[in-house]
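Residue numbering for the sequence shown follows the numbering used here, starting at 364 and increasing by one per position. Just so it is clear, CB atoms sit at the ideal spot from N, CA and C, and this is done for glycine as well. Values in this document were obtained by computation on a predicted structure and should not be read as measured data. For reference, the structure is listed below as structure tokens.
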Amino acid sequence: MLKNLFKPRSGVRLGDDLYAKAVSQARNPAFYTRLAVDDRIDARFELYTLHVLLLVLRLRDENTAQGQDAAQAVFDVYVSALDHVLREEGVGDVAVGKKMRKLGEALYGRMNAYEQPLRAGDAAALAEAIAKNVYADPQAPHADTLARYALTTRAALAAQDFNKVLATPAWAEV
């Protein structure tokens, strides 16, 4: 019994690995140079959220317990990473809860704004949400390109075998 208690859970490691891959892709310099995303903490949050959502949607679309568990593991690691960042920034224990609630609301808001257009393949609606959230400018000239990138990535991930997604997600070129 104790052996099982202290055994590392594979879902956590899987979530860590997939989250790291999403963050690595979101940090691709092309987003900041070619697509003019501001290199600020809030814009990085937006790109991380978009990439985590793309992975979570693909994993959930698998419609298996393994897919659901993997999606939840990635999401849990992302939320934990947000908490960790707040603590690194010096936010005290009392204030972390309030800040996490605000971040959680923002996270769910973005995921809701992006999920339907991603599922429907609606580039115009996705570009509108991206312009508002990533660029903070309804007329952002690169929002259409970032929306097409997200839709292309969604298609590439959908075409990829589940185990390949777990090993190396197929991100589109930026």
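Here Glu468 carries a helix assignment [DSSP, helix/strand/coil]. The Cβ-Cβ distance between Val497 and Val400 falls below 9 Å.
Val415 is the residue among Pro504, Leu410, Val415 and Ile404 whose C-alpha sits nearest the C-alpha of Gly378.
Gly430 sits in a helix when the DSSP states are folded into three classes.
Rounded to the nearest whole angstrom, the C-alpha separation of Asp380 and Leu417 is 15 Å.
Positions of the alpha helix (DSSP H) runs, each at least 4 residues long and wholly inside the stretch 485-525, are given as 486-496 and 506-522 in order along the chain. Short of 8 Å from the beta carbon of Leu489, and not among the five residues preceding or following it, lie these beta carbons of its own chain, in chain order: Tyr477, Pro480, Leu481, Ala510, Ala513 and Leu514.
For Pro532, the three-state secondary structure derived from DSSP is coil. A Cβ-Cβ contact shorter than 9 Å links Ala519 with Ala533.
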